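Below is one structure; the comments refer to it alone.
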Amino acid sequence: MYRSCGTLFGLLLALSALETAAQRTEIPRIEAAESEFAQALEAFERGNYGLAYRQFRHVVEAYPLHRKTTAAWIMAAKALYRLGEYEQVRSWLEAFRARYPTSKYLAQAQQLEQLAEAAQAWQQRQAQTITLGILLPIDAENAVLTQSLFDGIRLAIAARNADSLLAPVRMVFRDAGTTPAQVQAALRSLVQDQKADLVIGPLYSEQAIAAAEVAEQLRVVLIAPLATDAAVSRGRRWVFQANPTLSVRGQLMARMAVYGLRLRQLGVAALFDDPTTEHMAEAFQAEALRLGAHVVFYKLLPNTQAYGNLVEQIGQDTLRQVEALYLPLSGAQAPALGQAALSSLERAGVSMRILGNAAWREVQAPRQASRYQLTFSNDFWVDSTRAEVRSFQQQYQALRRQQPDRLAYVGYDVARFLLQHLPERSALGDLPDRLREAPPYQGLGVRLHFEGGQVNRALYFHRYRDGRLELLR
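As numbered in mature numbering (1 follows the signal peptide of the UniProt record, and there is no 0), residues -21 to -1, 1 to 452 make up the sequence shown, in order.
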């Protein structure tokens, strides 16, 4: 019995000792720390996060472990998060988890760390953001054109920004105005005030020539989507033309004739005092001669009526000496002039190949054109069987409730080409070289290839055969 009482007394003594130890290890309340914590909390709630962080941290570091230590530690992290100091949040909480691995605030700490990590990634991505300037006119005459081009650009940028691994691109817009002075002022504002890193625009050659001067001065890449005047980019390093110049069109058709079609005996005819057709005709002749072909004749037609008696204008015997006739057209009358020329050849029984430019796209008599194997260069063509084209059409339909027009495709292709070759923000000075050296780009409607220069030298080539238009190359 005495042994049982002794055992019970021993257990009571042990429990008493444990209770005393628990009392000794209870986390103390420190009044000064409590007061300072309350002040820090007030600062936090007022939005004074810098002061709140300093006070919470002082509550953690200035006192031995107390009732508010871990709460102050978490609140300090929250203040840092509000200040945008995401890296410091992560290191501060890493130390917290190491010191208090069983704290009731551990879940909050982990959640804050995840938020800080995501915010830091977003912050770093935003620091790499590249700004694309859009320089287009919004006057009544051009507003519809500008909207189409802008929408195409917009969809290309949206597609890029959907990829979280790439530096984001933002758009800024500026009205180009209608005069050279206005476009120059607008471009300066885009670059200097809105911080554009590169620019698409303006629409027309006269404006683009004026803008090119400023782009070179500011050393910012400018790509003109439509301008065809060679003066836009001649002698420039930072200015590019997405639309092949008239001379380039003539040169490329000559290359197709000599290298692609194996033609050696060629004739050339163009309308007198029509700069568009004359530029193409002259460039065709020069390039054909350079490539070793023989240009039998170069004829300037005196007026549009001359297309209807083309054979009489050039001479039947002269025409029979050539394998092909290069006959560029321009203007609203182009389909009718082409029809008149083909009819003149047909009446005389003259057989040869007709070479032309994109104005032959709307030929009125495809079977007659097929008899002359009409072959022409083309700067725009959409293959609606391609999945990418159908996807773009669906996106544009959702945006505008209509099918995209030509300028929508051009805006998309030019922007997408640029975006594909963007370097990191710190290396934007390399962008001109990247564009010049870029491989051929097959867009939805436009081909782009600068071949080491400033002017796009990529075209489609079509021909009529059996009454149908087909892609030759």
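Glycine included, each C-beta is placed from N, C-alpha and C at the ideal position. Please read these numbers as outputs of a predicted model, since none were measured by experiment.
Discussion item. Please give me, in chain order, every unbroken run of the alpha helix (DSSP H) with length at least 4 that falls completely inside the stretch 380 to 405.
Written reply: If we require 4 residues or more, the alpha helix (DSSP H) runs fully inside the stretch 380 to 405 come out as 385 to 399.
Worksheet item: Does DSSP put S82 in a helix, in a strand, or in coil?
Response: Here residue 82 refers to the residue found at position 103 when the sequence shown is read from its first residue. Assignment of S82 by DSSP, reduced to helix, strand and coil, places it in the coil class.
Item to complete: With DSSP collapsed to three states, give me the class of G432.
Response: On the sequence shown, residue 432 is found 453 positions in, with the first residue counted as 1. Residue state for G432 is assigned as coil, using DSSP reduced to three classes.
Worksheet entry | For Y305: DSSP bridge partner residues | Here residue 305 refers to the residue found at position 326 of the sequence shown. According to DSSP, Y305 bridges with V247, L334.
Worksheet item: Taking the C-alpha atoms as reference points, what is the distance between Q196 and V162?
Response: In the sequence shown, the residue the question calls residue 196 occupies position 217. In the sequence shown, the residue the question calls residue 162 occupies position 183. If you take the alpha carbons of Q196 and V162, they lie about 14 Å apart.
Practice prompt. Specify whether the stretch 308 to 315 and the stretch 245 to 257 touch according to this definition: at least 3 beta carbon pairs, one from each stretch, less than 8 Å apart.
Written response: Verdict: yes, contact present.
Discussion item. Out of N27, S82, M54, R269, which one is the CA nearest neighbour of I6?
Written reply: Here residue 6 refers to the residue found at position 27 when the sequence shown is read from its first residue. Nearest Cα to I6 within the set N27, S82, M54, R269: S82.
Worksheet item: Could you give the distance in angstroms between the alpha-carbon of E257 and the alpha-carbon of Y277?
Response: Within the sequence shown, the letter at position 278 stands for residue 257. Within the sequence shown, the letter at position 298 stands for residue 277. As the crow flies, the alpha-carbon of E257 is around 10 Å from that of Y277.
Practice prompt. Keeping to the same chain, check which residues put their C-beta closer than 8 Å to that of R447; ignore five residues upstream and five downstream.
Written response: Residue 447 sits at position 468 when you count from the first residue of the sequence shown. When the five nearest sequence neighbours on each side are left out, the beta carbons in the same chain lying within less than 8 Å of the beta carbon of R447 are those of P345, S349, in order along the chain.
Discussion item. Using only CA atoms, which one of A236, P80, E15 lies nearest to A55?
Written reply: Reading the sequence shown from its first residue, position 76 is the one you call residue 55. Here the closest residue by C-alpha is E15.
Worksheet entry | Residue nearest to R234 in terms of C-alpha spacing, selected from Q347, S356, L62 | Looking up residue 234 in the sequence shown gives position 255. For R234, the closest C-alpha among the options Q347, S356, L62 is that of S356.
Discussion item. Spatial neighbours of I53 within its chain, please: C-beta separation below 7 Å, excluding the five flanking residues on both sides.
Written reply: For the purposes of this step, residue 53 is taken as residue 74 along the sequence shown, with counting starting at 1. Y84, Q87, A88.
Worksheet item: What whole-angstrom Cβ distance do I113 and R404 have, given they're in contact under 8 Å?
Response: Reading the sequence shown from its first residue, position 134 is the one you call residue 113. Reading the sequence shown from its first residue, position 425 is the one you call residue 404. About 19 Å separates the beta carbons of I113 and R404, which is beyond the 8 Å limit, so they are not a contact pair.
Fill in: Distance between beta carbons of L169 and A175, contact taken as under 8 Å
For the purposes of this step, residue 175 is taken as residue 196 along the sequence shown, with counting starting at 1. For the purposes of this step, residue 169 is taken as residue 190 along the sequence shown, with counting starting at 1. At roughly 4 Å, the Cβ-Cβ gap stays under 8 Å, so A175 and L169 are in contact.
Worksheet item: R442 to M331, Cα distance in whole Å?
Response: Position 463 of the sequence shown, counted from the start, is the residue given in the question as residue 442. Position 352 of the sequence shown, counted from the start, is the residue given in the question as residue 331. Roughly 14 Å separates the two Cα atoms.
Discussion item. Bridge partners for G112 per DSSP, in chain order?
Written reply: Position 133 of the sequence shown, counting from 1, holds the residue named residue 112. Residue pairing from DSSP places G112 in a beta bridge opposite V151, V178.
Worksheet item: Are the Cβ atoms of V200 and L401 separated by less than 7 Å?
Response: For the purposes of this step, residue 200 is identified with residue 221 of the sequence shown, where counting begins at 1. For the purposes of this step, residue 401 is identified with residue 422 of the sequence shown, where counting begins at 1. Cβ atoms of V200 and L401: not closer than 7 Å.
Discussion item. Mapping the DSSP letters down to three states, classify S143 as helix, strand or coil.
Written reply: Along the sequence shown, one-based indexing puts residue 143 at 164. It is coil, neither helix nor strand.
Item to complete: Return helix, strand or coil for N288, following the three-state DSSP convention.
Response: As a first step, residue 288 must be located in the sequence shown, where it is residue number 309. Helix at N288.
Fill in: DSSP-derived helix/strand/coil call for Q2
Here residue 2 corresponds to residue number 23 of the sequence shown, with the count starting at 1. Because Q2 carries a pLDDT of 39, less than 50, the predicted location of this residue cannot be relied on, and no value is offered for it.
Discussion item. Below 8 Å on the Cβ atoms is my contact criterion, and I expect I136 with L111 to pass it. Report the Cβ-Cβ distance as a whole number of Å.
Written reply: As a working mapping, residue 136 is identified with position 157 in the sequence shown. As a working mapping, residue 111 is identified with position 132 in the sequence shown. Sure, about 7 Å apart at Cβ, within 8 Å.
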